Structure formats: C-alpha cells, structure tokens
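2 protein chains.
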Amino acid sequence: MITCWTHIVADFIDCNFSKISQLKMEWIKEEISKLIKINWLTELGNFYHYFWEDAFTWVIALAESHISIHTWPELKYVTLDIYVCNVTKDHSDSAKNIFEWLKSLLLAKEIKIQVIKR
Amino acid sequence: MITCWTHIVADFIDCNFSKISQLKMEWIKEEISKLIKINWLTELGNFYHYFWEDAFTWVIALAESHISIHTWPELKYVTLDIYVCNVTKDHSDSAKNIFEWLKSLLLAKEIKIQVIKR
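Line order of the protein sequences matches chains A and B. In our numbering, each residue carries its 1-based index in the first sequence increased by 741. In our numbering, each residue carries its 1-based index in the second sequence increased by 741.
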C-alpha cells in the first residue's frame, strides 16, 4: 500500500480574532475557493455552520479529500485540517499554500502543526 | 492551553467492498446519524459527493467538530477522521463507538490508526 495522502493537522493558539472580525466571512470563503482552484484542487461542495460572531464550523469536500476549519473565539483557538490525495498528482504544495494563507489571516501566537502521510 | 480535542485518524486498507456493495448508502447514512445522536453528539449538516459505485466523499459537520469518510474502491482503501471537541463533555468514547461501528462495516485486513489529542 502506497502512502500518498498528505494531511496537515494545524492548531492555531491565541489567534487575533479582532483581525478576523474586520473581514467578511463571504470574502474568506471566496478567497479559499480561489486558492483551491489555483492550486489545482477541485471543490465539490461544503457545509458551513455559523454559531455566533466569528464562531463557525466549516467543512469543504474536495475531489482530493477535504478541508475543515473550526473556530472557538472564546478560547482564541482555531483548528484546521487540509487533507489531500496525491494519487494522480502531488498536491502537498497546494495544501501548504492554503495553510500559509490561513496562517497569515489568523496571526496566531503559537501554531501546532503535524503533517501526516497516510 | 488545554488539549481537549480527540481526533481519530484511521486508514482502512484492503477493505471488503463487496460487503459494502450489498448495503445501501442511505442505510449507512441513517445508521451514522443515529450513532451520532445516541453518542451525545450533534449533527449540524453534511456534504456528500458520489463519484461512482462505492466511491464517495462525505464530510459531516458536528457541533463538536467533524467526521469525514473518503473511499477509493479501486485501491480497496477508506480513510476516516472522527474529530470531537471535549470542552463541555468528554466525547472520546463517542468517537471510539463510531469508529468501531465503521470498522465492523469495512472489514479491512489492516487498519492504521492514530489518536491525536489537540
């Protein structure tokens, strides 16, 4: 069995939610959709749930697997998973690019990151 | 920062897809919805994409985070993530129960499992 799936498991601690509050969620969604496309990934659909201001859960199904973002503004905490299949093409750099964009948005004081090869 | 999220990352290798083929996807969906409910988790919504027979991608948003299932019948391979937040209640056993049910369904010859505390 080849291991050709790249899974970025990232936890953003002590995020700058005041920064995120200045941005519109629709803009973030559009930017991520663009990022998915320019990084040779295919968005199949998503489910987004809004809890309250800045608290949301978002799962995006990709032809190559998924992205998920869960926020806990009361803990200044955001968790991110970017999971891509590399069967037909190596998408590891695509996953990294999306991670870097979200990292620049969240401005966390600490990031725990694991890259799992599945 | 407390670590109170349990993430089961499981890869099912050499699955019995002929067994899965005998079952209807609607039945699997209903059973998982029931399992989520009886295990004190809350399903917010989901996105399901059907590629072809037995090949699908499914992401389920929970109030406590998410479940994702991706299948590659051509590789006899299924990957599963069950990710739950334990802030208000410890849902680790709930995650384990859902994992065990899917394990009994997939009848994989080999399972790679990691339990990540986030």
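Backbone N, C-alpha and C define an ideal beta-carbon position, used for all residues, glycine too. From a predicted model like this one, the values you see are computed outputs, not experimental measurements.
Note to self: Which residue wins for smallest C-alpha separation from A/HIS790, given the options B/LEU821, B/GLU772, B/ILE801 and B/PRO814?
What the structure shows: Against the first sequence, residue 790 of chain A aligns to sequence position 49. Ranking the options by Cα distance to A/HIS790, first place goes to B/ILE801.
Notebook entry, point to check: Got a sec: which bits of the segment 822-836 of chain B sit with their beta carbon under 9 Å from any beta carbon on chain A, in order along the chain?
Noted result: ASP822, TYR824, CYS826 and VAL828
Margin query: For a test of the three-state rule: what should DSSP assign to A/LEU846, helix, strand or coil?
Written below: Counted from its first residue, the first sequence places residue 846 of chain A at position 105. Three-state result, A/LEU846: helix.
Check: For the segment 766-798 of chain A, which residues have a CB atom closer than 9 Å to at least one CB atom of chain B, in sequence order?
Finding: LEU785, GLY786, ASN787, PHE788, TYR789, HIS790, PHE792 and THR798
Next item on the list: Find out if the Cβ-Cβ distance for the pair B/GLY786, A/PHE758 is shorter than 7 Å.
Entry: Walking along the second sequence from the start, residue 786 of chain B turns up at place 45. Walking along the first sequence from the start, residue 758 of chain A turns up at place 17. No.
Item checked: Contact check, A/ASP822 vs A/SER835, beta carbons under 7 Å -> Against the first sequence, residue 822 of chain A aligns to sequence position 81. Against the first sequence, residue 835 of chain A aligns to sequence position 94. The answer is no: Cβ separation not under 7 Å.
Margin query: Between which residues of its own chain and A/ILE857 is the CB-CB distance below 7 Å, once the five residues before and five after are set aside?
Written below: For this step, residue 857 of chain A is matched to residue 116 along the first sequence. So the list reads HIS748 and VAL750, once near-sequence residues are dropped.
Item checked: Identified DSSP bridge partners for A/SER809 -> Indexing the first sequence from 1 puts residue 809 of chain A at position 68. Note: A/SER809 sits in a beta bridge opposite A/VAL800 and A/ASP822.
Margin query: By the DSSP assignment, the alpha helix (DSSP H) with A/LYS853 in it spans what residues?
Written below: Against the first sequence, residue 853 of chain A aligns to sequence position 112. Not the alpha helix (DSSP H): A/LYS853 falls in the beta strand (DSSP E), residues 851-858.
Next item on the list: Out of A/SER833, A/LEU803 and A/GLN855, state which residue places its alpha-carbon closest to the alpha-carbon of A/LYS778.
Entry: As a working note, residue 778 of chain A is residue 37 in the first sequence. Closest by alpha carbon: A/LEU803.
Notebook entry, point to check: What does a CB cutoff of less than 6 Å around A/LEU782 pick up in its chain, not counting 5 residues either side in sequence?
Noted result: Here residue 782 of chain A refers to the residue found at position 41 of the first sequence. For A/LEU782, where only same-chain residues beyond five positions count, the Cβ hits under 6 Å are LEU803, GLU805 and SER835.
Next item on the list: Using DSSP bridges, identify the partner residues of B/ASN787.
Entry: For the purposes of this step, residue 787 of chain B is identified with residue 46 of the second sequence, where counting begins at 1. Per DSSP, B/ILE801.
Next item on the list: Answer yes or no: does any C-beta atom of chain B fall closer than 7 Å to that of A/VAL800?
Entry: The sequence position of residue 800 of chain A within the first sequence is 59, counting from 1. Yes, its Cβ sits closer than 7 Å to a Cβ of chain B.
Item checked: Residue-chain proximity (A/SER809, chain D), Cβ-Cβ < 7 Å -> The structure shown contains no chain D; its protein chains are A and B.
Next item on the list: Check B/ASP834 in the structure and name its three-state DSSP category.
Entry: Position 93 of the second sequence, counted from the start, is the residue given in the question as residue 834 of chain B. Here B/ASP834 sits in helix by DSSP.
Notebook entry, point to check: What residue does the alpha helix (DSSP H) around A/TRP768 start on, and which one ends it?
Noted result: By 1-based counting over the first sequence, the position of residue 768 of chain A is 27. Looking at the DSSP string, the run of the alpha helix (DSSP H) that includes A/TRP768 is 766-779.
Next item on the list: Enumerate in chain order the residues of its own chain whose CB-to-CB distance from B/PHE792 is below 8 Å, with the five nearest sequence positions on each side excluded.
Entry: As a position in the second sequence, residue 792 of chain B is number 51, starting the count at 1. Hits under 8 Å: THR798.
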